[in-house]
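If you use this note's numbering, the sequence shown corresponds to residues -10 to 267, in order.
Working notes, structure below.
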Amino acid sequence: MQHTCLVTLANSGEMKDDLGTTSKTGSTNGTDTESDRPIISMEGVTLLREGRPILADLTWEVHALERWVLLGPNGSGKTTLLRVAGAQLRPSKGTVYILGERIGASDLRQIRKRVGFMSPALGRQLRTDETILEVVLSGRYAALETWWNGYSPDDYKRASYVLDDLGISRLADRTYGVISEGERQLVLLARTLMADPELLLLDEPVASLDMGARKRFLTQLERMANDLQAPPYVLVTHRLEEIPKGTTHVGLLKEGRLLAAGLLEQTLTDELLAQCFD
């Protein structure tokens, strides 16, 4: 079965998908396109922990049609930067806008609902006796348990659709504790996509996977990267081989600072990589 990317909606204007979800795509008048509006905008961001800068004077923008990878050695601030981008951490200094909302002047809980955040920590918090369908459903409200919320027939329909779109519908009735690590990562991606996020943040999703599982996961990201109506994503890694095809931009972090950030072909150079990982 050939799958089409689940996040693709309509060509322009305000439309509804087959689940009745209303969305707006880019303007057709040429004056205000999706790619012109920053999804993430940071200026002069510093984050201190016990007086030590984890992020230092960082300025960065992500736009709607961009697919980013953040590279850097361990301890360079990649995960911290991703958490600021996900409205999970407030900076000590600087200005941050996420999806047009300013951190510090907006309800962080409402921003988080619009951002899909996938991290190893989440996977460790899920109950192993939950079915895969329940795990994906819980992503509708970013909850750890399905009994915390009520779910409509459309929610069940979307959960099944997301699983099918990622090619793992066969897992729906199995429990989270008995599937492989590679399958778990695809399930967590499905859970993240359940709420139809406007921004996707992925913290080293393939770090613990074998070669086959890593390839299957990256294939799904490559499919999203080539769908112009898919949400922008930011992927954190420290391995070049984990950069999906279709990645447009790269940020290189070292000691909490952006050493370089821009188009992949201009940023992923031997000279800059040597400076970053030296």
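Note that the Cβ used here is the ideal one computed from N, Cα and C, for glycine as well.
Leaving aside the five residues that flank Glu211 on each side, the residues in its chain whose CB is nearer than 6 Å to its CB run, in chain order, Pro233, Lys234 and Gly235.
DSSP lists Val225 as the bridge partner or partners of Asp192. Of the residues assessed, Met200 falls on the exposed side of the cut-off, its CB having fewer than 16 other CB atoms within 10 angstroms.
An exposed status is given to Ser81, since fewer than 16 other beta-carbon atoms sit within 10 Å of its beta-carbon. Between Leu47 and Arg246 the beta-carbon gap is near 7 Å, inside 8 Å, which marks them as a contact.
Pro27 sits in a strand when the DSSP states are folded into three classes.
The Cβ-Cβ distance between Val176 and Val125 falls below 8 Å. Its Cα nearest to that of Lys146, the residue Ser158 stands out among Asn138, Ser158, Leu261 and Pro109. In this structure, Ile121 lies away from Ala74, with their beta-carbon atoms at least 8 Å apart. A straight line joining the alpha-carbon of Pro62 with that of Leu252 spans about 20 Å. The three-state secondary structure of Met183, taken from DSSP, is coil.
In the DSSP assignment, Tyr86 falls within the beta strand (DSSP E) that extends over Lys82 to Ile87. C-alpha of Val51 to C-alpha of Thr135: approximately 33 Å in a straight line. If you draw a 10 Å sphere on the C-beta of Gln209, you find 16 or more other C-beta atoms in it, and that means buried. Of the residues Ala249, Arg129, Leu133 and Leu152, the one whose Cα lies closest to the Cα of Leu115 is Leu133. In the structure shown, Lys67 adopts helical secondary structure according to DSSP, grouped into three states.
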